[in-house]
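S.K.:
Protein chains in written order, with the numbering used here: chain E, 1 to 410; chain D, 1001 to 1232.
1) Taking C-beta pairs closer than 7 Å, name the residues in chain D that residue 312 of chain E reaches, listed in chain order.
2) Determine the chain E residues that contact residue 1026 of chain D at a beta-carbon separation under 8 Å, and present them in chain order.
3) Can you pull the chain E residues whose beta carbon is under 8 Å from the beta carbon of residue 1195 of chain D, in chain order?
4) Under 8 Å Cβ-Cβ, which residues of chain D neighbour residue 320 of chain E?
5) Please state whether DSSP places residue 114 of chain E in a helix, a strand or coil.
6) Under a CB-based cut-off of 9 Å, is residue 1033 of chain D close to chain E?
7) So if DSSP puts residue 106 of chain E in a beta bridge, which residue, or which two residues, is it bridged to?
8) Please report the straight-line C-alpha distance between residue 87 of chain E and residue 35 of chain E, rounded to a whole angstrom.
9) Answer with buried or exposed for residue 1057 of chain D, where buried requires no fewer than 16 other C-beta atoms within 10 angstroms of its C-beta.
10) Please determine, among D:1090, D:1129, D:1142 and D:1077, the residue with the shortest C-alpha to C-alpha distance to residue 1110 of chain D.
11) Could you give the DSSP three-state label for residue 183 of chain E: helix, strand or coil?
12) Specify, as a first and last residue, the run of the alpha helix (DSSP H) that residue 1124 of chain D falls within.
13) Chain E beta carbons: is any one of them nearer than 9 Å to that of residue 1165 of chain D?
14) Cβ closer than 9 Å: which chain E residues qualify as neighbours of residue 1044 of chain D?
15) Please report the distance separating the alpha-carbon of residue 190 of chain E from that of residue 49 of chain E.
16) Look up residue 1193 of chain D in the DSSP assignment and say whether it is helix, strand or coil.
17) Can you tell me which residues form a DSSP beta bridge with residue 1086 of chain D?
18) Could you say which of D:1201, D:1136, D:1186 and D:1017 lies nearest to residue 1167 of chain D if we only look at CA atoms?
19) Less than 8 Å between C-beta atoms, sequence neighbours within five positions excluded: which residues of the same chain meet that for residue 405 of chain E?
20) Please confirm if residue 1120 of chain D has its CB atom under 9 Å from at least one CB of chain E.
21) With a CB to CB cut of under 6 Å and the five nearest residues on each side skipped, what residues in its chain are close to residue 174 of chain E?
22) Assess contact between the stretch 334 to 352 of chain E and the stretch 1129 to 1144 of chain D, defined as three or more Cβ pairs (one per stretch) separated by less than 8 Å. Is contact present?
23) Quick check on residue 1175 of chain D: buried or exposed, where buried means 16 or more other Cβ atoms within 10 Å of its Cβ?
24) If we ignore side chains and look at the alpha-carbon of each, how far apart do residue 379 of chain E and residue 281 of chain E end up?
25) Where residue 236 of chain E and residue 22 of chain E are concerned, what is the direct C-alpha to C-alpha distance, given to the nearest angstrom?
26) I believe residue 101 of chain E touches residue 166 of chain E by the beta-carbon criterion, under 8 Å. Please report the beta-carbon distance rounded to the nearest angstrom.
27) When you compare only the Cα positions, how much space is there between residue 390 of chain E and residue 331 of chain E?
28) Touching or not, the stretch 25 to 39 of chain E and the stretch 176 to 184 of chain E, by the rule of three or more beta carbon pairs under 8 Å?
29) So what's residue 394 of chain E in DSSP terms, helix, strand or just coil?
30) Pairing CB atoms from the stretch 1117 to 1127 of chain D with CB atoms from the stretch 1086 to 1102 of chain D, are three or more of them under 8 Å?
31) First and last residue of the beta strand (DSSP E) that includes residue 226 of chain E?
32) Can you tell me the Cα-Cα spacing of residue 327 of chain E and residue 18 of chain E, whole angstroms?
33) I need the boundaries of the alpha helix (DSSP H) containing residue 1031 of chain D, first residue and last residue.
34) On the CB-based measure, 16 or more other CB atoms within 10 Å of its CB, does residue 1 of chain E come out buried or exposed?
35) Under the three-state reduction of DSSP, which class applies to residue 148 of chain E: helix, strand or coil?
36) Relative to the C-alpha of residue 1072 of chain D, which residue among D:1083, D:1053, D:1123 and D:1003 is closest?
So, in structure tokens, the structure goes:
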């Protein structure tokens, strides 16, 4: 297949016909260039969405009690629903096979004082599983544990920023902080990569909080994680099942949209990523459009080139060129030009994408704009293949034209 | 060398058809220099194209060097054209981006001859037509007469059995025409069979035989006393 003489012939033809070479090359380069840039920016948009949810466990379901909006089973509307310890136990029992960690939570609003200074931080009264659900990483000491929960110990694990603000370099472990009027012993410090909000929290056992509130068994909200293997639809079913169970226990109308509300993080991420995916599909379509425009461009140029060369091809045939020789010549030229300019366009596209200022792009919600090399390569190959097909059709026609017709073509 | 029998050719012109050749019988021996004459529309170019395997006949037979030229696929036809026939056209038909040498070497490329050898042979033929010093020039840098001499060198390069010239002097002034015809006579004297299509009497008289075509039939076929060009 490889024939040095033919390639010499082809290089001469390419060299001596620069305008035509540049023209067809430019079309291919431009098509690939635009495709890669569009695709890269689309990828960047998607990355931004993914990053938003990167640091949250995505198999968490939150349960919030609310107010009823419908009368049911003898109860009036606007009844305030409260979750209790027994509800937690019931959920735990009913769904033990799919629930990984269950975390009853109370939000505490109390002034915090250390020495003479007072501070305002968010306080979460939770169970030890909070660490796993929120992905808290211990820096020092320990997290609140089951023993604390059982003994209702006045201990607290504090966020990194809390430690920094209150203790200012002092070792916080073993020190006592006043939460409300009660002293809590600091047993550990944690950090959280998702950011400042979590690191500005104090974590205390929820049972301790309930005891302080005169032995109440009311809890605020429940968060739990489930076994990932049940999948997206399994998660939806699970949240619905939990909801029905609680509605039954609390005598809430099954059709009441309020009363018990469920927030499924996975579902939210899915929906947002779906949006990002849809965006990328649109962008990909536009990109494919440019590719098609490129292909049409090459086809036109190939038709033009072959038309322009009809006479030359006629001369070649009169001198004894076989039809296959003519086709090979045109196709080889077209492969050579499209390959070279295709990869040139691809290279330029990738360079442009990489050199785009990431700060400016961030303003347009684009993170790490870039294109997978495989996709770039694939798109380039597609364009080359279509360039060749586009060249083949007029080449075949030109090769089958009678030499005399080609020669009389002025 | 050439033998044709009852050759017919029509062209479809939309709905009507134009009967151009109406049964031509014609024979050429090796070493002849034949002028095919006729006014425009007489069918002389069509005949030459069929002889040159650039076109195909509807009916009749054509034998070239005892080989029946019929039902050939393009590949075989290309091969025969390359080895048996050399063409000279009125409009020269040189490839404009190739130098004189490369143009002459092109038929040898299609014979699969290596580059060095091609160039050597091509230069030989350019020398023969007196254009050795112009070998690296592009056609656009040559005069009409020079272009036609390059075309003749190219037609000879593959050492064909028959040289077919279609109005070789049609685009040239009379002085240049004489030069080109002198070259054709010289090549003929070296033994090459040559057919020249022309409508000019003085060109025809420089050949050894004149075949007169009118309305698709041969009306006259005579050997003549050749007008030999000496003063070039």
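Built from N, CA and C at the ideal position, the CB exists for glycine as well.
Everything numeric in this text was worked out from a predicted model, so none of it was measured.
M.R.: According to the structure shown:
1) Translated into positions along the first chain, residue 312 of chain E becomes position 312. Within 7 Å of the CB of residue 312 of chain E, the CB atoms of chain D belong to 1095, in sequence order along the chain.
2) Taking the first residue of the second chain as 1, we reach residue 1026 of chain D at position 26. Those do not exist, as residue 1026 of chain D stays about 19 Å from chain E at its closest Cβ, beyond 8 Å.
3) Translated into positions along the second chain, residue 1195 of chain D becomes position 195. Under the 8 Å cutoff, chain E gives no residues; its nearest Cβ is about 15 Å from residue 1195 of chain D.
4) In the first chain, residue 320 of chain E corresponds to position 320, counting from 1. The answer, in chain order, is 1078, 1079, 1081, 1082, 1083, 1107, 1110, 1111 and 1158.
5) Numbered from 1 along the first chain, position 114 holds the residue referred to as residue 114 of chain E. Residue 114 of chain E sits in a strand when the DSSP states are folded into three classes.
6) The residue labelled residue 1033 of chain D in the question sits at position 33 within the second chain. Chain E contact via Cβ: absent.
7) Locating residue 106 of chain E in the first chain gives position 106, counting from the first residue. Answer is E:125.
8) As a position in the first chain, residue 87 of chain E is number 87, starting the count at 1. As a position in the first chain, residue 35 of chain E is number 35, starting the count at 1. Going from the Cα of residue 87 of chain E to the Cα of residue 35 of chain E covers about 55 Å.
9) For the purposes of this step, residue 1057 of chain D is taken as the residue at position 57 of the second chain. Residue 1057 of chain D counts as buried, since at least 16 other C-beta atoms from the protein chains shown sit within 10 angstroms of its C-beta.
10) Residue numbering aside, residue 1110 of chain D sits at position 110 when the second chain is read from its first letter. Ranking the options by Cα distance to residue 1110 of chain D, first place goes to D:1077.
11) Position 183 of the first chain, counted from the first residue, corresponds to residue 183 of chain E. DSSP places residue 183 of chain E in the strand class (E or B) of the three-state scheme.
12) Residue mapping note: residue 1124 of chain D aligns to position 124 of the second chain, counting from 1. Its alpha helix (DSSP H) spans residues 1115 to 1128.
13) Counting from 1 along the second chain, the entry for residue 1165 of chain D is found at position 165. Chain E, which has no Cβ nearer than 9 Å to the Cβ of residue 1165 of chain D, makes this no.
14) As a first step, residue 1044 of chain D is located in the second chain; it is residue number 44 there, counting from the start. Under the 9 Å cutoff, chain E gives no residues; its nearest Cβ is about 14 Å from residue 1044 of chain D.
15) For the purposes of this step, residue 190 of chain E is taken as the residue at position 190 of the first chain. For the purposes of this step, residue 49 of chain E is taken as the residue at position 49 of the first chain. Roughly 27 Å between the two C-alpha positions.
16) Position 193 of the second chain, counting from 1, holds the residue named residue 1193 of chain D. Strand at residue 1193 of chain D.
17) The residue you call residue 1086 of chain D lines up with position 86 of the second chain. According to DSSP, which records beta bridges pairwise, residue 1086 of chain D is partnered with D:1163.
18) Numbered from 1 along the second chain, position 167 holds the residue referred to as residue 1167 of chain D. Residue 1167 of chain D has its Cα closest to that of D:1201, out of D:1201, D:1136, D:1186 and D:1017.
19) Numbered from 1 along the first chain, position 405 holds the residue referred to as residue 405 of chain E. Sequence-distant Cβ neighbours of residue 405 of chain E in its own chain, meaning closer than 8 Å and more than five residues away, are 314.
20) Translated into the one-based positions of the second chain, residue 1120 of chain D becomes position 120. At a cut-off of 9 Å between beta-carbon atoms, residue 1120 of chain D makes no contact with chain E.
21) Residue numbering aside, residue 174 of chain E sits at position 174 when the first chain is read from its first letter. Hits under 6 Å: none found.
22) The stretch 334 to 352 of chain E, when compared against the stretch 1129 to 1144 of chain D, does not touch it at the 8 Å Cβ threshold.
23) Numbered from its first residue, the second chain carries residue 1175 of chain D at position 175. That one is exposed.
24) Within the first chain, numbered from 1, the residue matching residue 379 of chain E stands at position 379. Within the first chain, numbered from 1, the residue matching residue 281 of chain E stands at position 281. One C-alpha to the other measures close to 15 Å.
25) Taking the first residue of the first chain as position 1, residue 236 of chain E is located at position 236. Taking the first residue of the first chain as position 1, residue 22 of chain E is located at position 22. For residue 236 of chain E and residue 22 of chain E, the distance between alpha carbons rounds to 57 Å.
26) Working through the first chain from its first residue, we reach residue 101 of chain E at position 101. Working through the first chain from its first residue, we reach residue 166 of chain E at position 166. With a contact defined as Cβ atoms closer than 8 Å, residue 101 of chain E and residue 166 of chain E miss out at about 29 Å.
27) Residue 390 of chain E sits at position 390 when you count from the first residue of the first chain. Residue 331 of chain E sits at position 331 when you count from the first residue of the first chain. One Cα belongs to residue 390 of chain E, the other to residue 331 of chain E, and the distance between them is close to 9 Å.
28) No contact exists between the stretch 25 to 39 of chain E and the stretch 176 to 184 of chain E.
29) Mapped onto the first chain, residue 394 of chain E falls at position 394. Helix, per DSSP.
30) With a cut-off of 8 Å, the stretch 1086 to 1102 of chain D and the stretch 1117 to 1127 of chain D count as touching, because enough Cβ pairs lie within range.
31) Indexing the first chain from 1 puts residue 226 of chain E at position 226. It spans 221 to 226 - the beta strand (DSSP E) in which residue 226 of chain E sits, taken as one unbroken run.
32) What you label residue 327 of chain E is simply residue 327 of the first chain in a count that begins at 1. What you label residue 18 of chain E is simply residue 18 of the first chain in a count that begins at 1. If you draw a straight line from the Cα of residue 327 of chain E to the Cα of residue 18 of chain E, it comes to about 20 Å.
33) Start at 1 with the first residue of the second chain, and residue 1031 of chain D comes out as number 31. No alpha helix (DSSP H) holds residue 1031 of chain D; DSSP gives it neither H nor E.
34) One-based indexing of the first chain puts residue 1 of chain E at position 1. Residue placement at residue 1 of chain E is flagged as unreliable, the pLDDT there being 46, under the threshold of 50; the coordinate-derived value follows with that caveat. Residue 1 of chain E is exposed by the Cβ-count criterion.
35) The count along the first chain starts at 1 and reaches residue 148 of chain E at position 148. In this structure, DSSP gives residue 148 of chain E a helical state, which the three-state scheme calls helix.
36) By one-based count along the second chain, residue 1072 of chain D stands at place 72. Considering only D:1083, D:1053, D:1123 and D:1003, the residue with the shortest C-alpha distance to residue 1072 of chain D is D:1053.
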